[in-house]
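Participant: Sharing a structure below in structure tokens format, with a few things to ask.
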Amino acid sequence: AHGMVMMMLFIQCVLGTTFNIGVLMLFFKRKDFASPTNTIVQSLAVADLLMSSVGVVTPFIASYHQEWPFGEIGCAYDGFVHYVVGIVQINTVAIVAIDRFICITRPMSPMKLNQAKAKMCVGIVWGIAITIAFFPFLGWNQYVPEGPMTTCGIDWFSRESGDRSYIIFIFLANFVTPLFIAAFCYYFVYSTIRNVSRNGVWDVNSEKGKKNLAAE
């Protein structure tokens, strides 16, 4: 089982690192790709790159040893990295969904994303992720080995009320909420495109949304 995990982690590292570096290099070289939406996508690529490179090192070594060999400090590091990157990933997906919702269903809205807003969103997402992942260091839950003891995460099985409150908080704030936002936004994006395609008529807002998509 550990050998299979090592193989999967190796594949994730090679493919994830290669593709995400490729994406970032493409954005770096092609200045015409500079758009607010792509700024957010770049942030997601950075998070994916960290997960597929830095994030697989300790689990790979632990799988080789078939136990957690890095002690409490290594466990805290591993859990912190994975939770920061994971929180960034899911919340960035929600932001992209909001951007698509505004671009397509509310193209005339003053809330439309620009570069300044995109960079602010990226900063807020990373700031929130680091803050939430840091709470276990302050005593609100803790990072412990989990699963086959080759990676670390928060203590999901703690019976302490404080630990359970953190579990509820992180589940609702960083899984349920982003998932609901993404589902809500893409439902209305789909409905808008379907209605326009069915009617065969593009009104002013629809034409603006169409141009927004073409521009990005």
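Position one of the sequence shown corresponds to residue 2 (this note's numbering), numbered consecutively onward. Virtual Cβ for every residue (Gly too), placed ideally from N, Cα, C. The structure presented is a predicted model; accordingly, all values stated were derived computationally and were not measured.
1) Pull up the CB-CB distance for residue 1 and residue 136, whole angstroms please, since I reckon it's below 8 Å.
2) Does DSSP put residue 205 in a helix, a strand or coil?
3) Nearest-angstrom Cα distance between residue 18 and residue 72?
4) Could you check how far apart the C-beta atoms of residue 98 and residue 14 are, in whole angstroms? I think they sit under 8 Å.
5) When the distance is taken between beta carbons, is residue 7 closer than 8 Å to residue 65?
6) In angstroms with no decimal places, state the Cα-to-Cα distance between residue 105 and residue 192.
7) Give a yes or no on whether the C-beta atoms belonging to residue 93 and residue 41 are separated by under 8 Å.
8) Taking the alpha carbon of residue 150 as the reference point, which residue from 50, 63 and 45 has its own alpha carbon closest?
9) Is residue 33 buried or exposed, if buried means 16 or more other CB atoms sit within 10 Å of its CB?
10) For residue 152, which of helix, strand or coil comes out of DSSP?
11) Quick one: give me the first and last residue of the alpha helix (DSSP H) that residue 147 is part of.
12) Out of 96, 69, 196 and 53, state which residue places its alpha-carbon closest to the alpha-carbon of residue 39.
13) At what residue ranges does the segment 73–141 contain a whole run of the alpha helix (DSSP H), taking only runs of 4 or more?
14) In this structure, how does DSSP classify residue 43 when only helix, strand and coil are distinguished?
15) Taking the CB atoms as reference points, tell me whether residue 47 and residue 10 lie closer together than 8 Å.
16) Determine the burial state of residue 205: buried for a count of at least 16 other Cβ atoms within 10 Å of its Cβ, exposed for fewer.
17) Tell me the DSSP secondary structure of residue 165 in three-state form.
18) For the alpha helix (DSSP H) holding residue 61, just list the boundary residues, first then last.
19) Since residue 119 contacts residue 37 with CB under 8 Å, what's their CB separation in whole angstroms?
20) Give the single residue among 115, 24 and 130 whose Cα lies nearest to the Cα of residue 174.
Facilitator: Short version:
1) In the structure as shown, the chain begins at 2 and stops at 217. Residue 1 is therefore absent and cannot be evaluated.
2) Interpretation of residue 205 is limited by its pLDDT of 49, a score under 50 that renders its predicted location unreliable; no figure is taken from the coordinates.
3) Roughly 27 Å between the two C-alpha positions.
4) The pair is not a contact, with the Cβ atoms about 28 Å apart (cut-off 8 Å).
5) Pairing residue 65 with residue 7 gives a Cβ-Cβ distance under 8 Å.
6) Near 10 Å, if we compare the C-alpha coordinates of residue 192 and residue 105.
7) Yes; because the gap between Cβ atoms is below 8 Å, this pair is in contact.
8) With distances taken between Cα atoms, residue 150 lies closest to 63.
9) So residue 33 ends up on the exposed side.
10) Residue 152: strand per DSSP, three-state reduction.
11) Premise fails: residue 147 lies in the beta strand (DSSP E), 144–147, not in any alpha helix (DSSP H).
12) Cα-wise, what sits closest to residue 39 is 96.
13) 116–135, all fully within the segment 73–141.
14) In the structure shown, residue 43 adopts helical secondary structure according to DSSP, grouped into three states.
15) No, the Cβ-Cβ distance between residue 47 and residue 10 is not below 8 Å.
16) Caution is warranted here: a pLDDT of 49 is assigned to residue 205, below 50, making its placement in the model unreliable, and no coordinate value can be reported.
17) Correct three-state label for residue 165: helix.
18) Its alpha helix (DSSP H) spans residues 55–66.
19) Residue 119 to residue 37, Cβ: 4 Å. Contact.
20) Taking only the C-alpha atoms, the option nearest residue 174 is 130.
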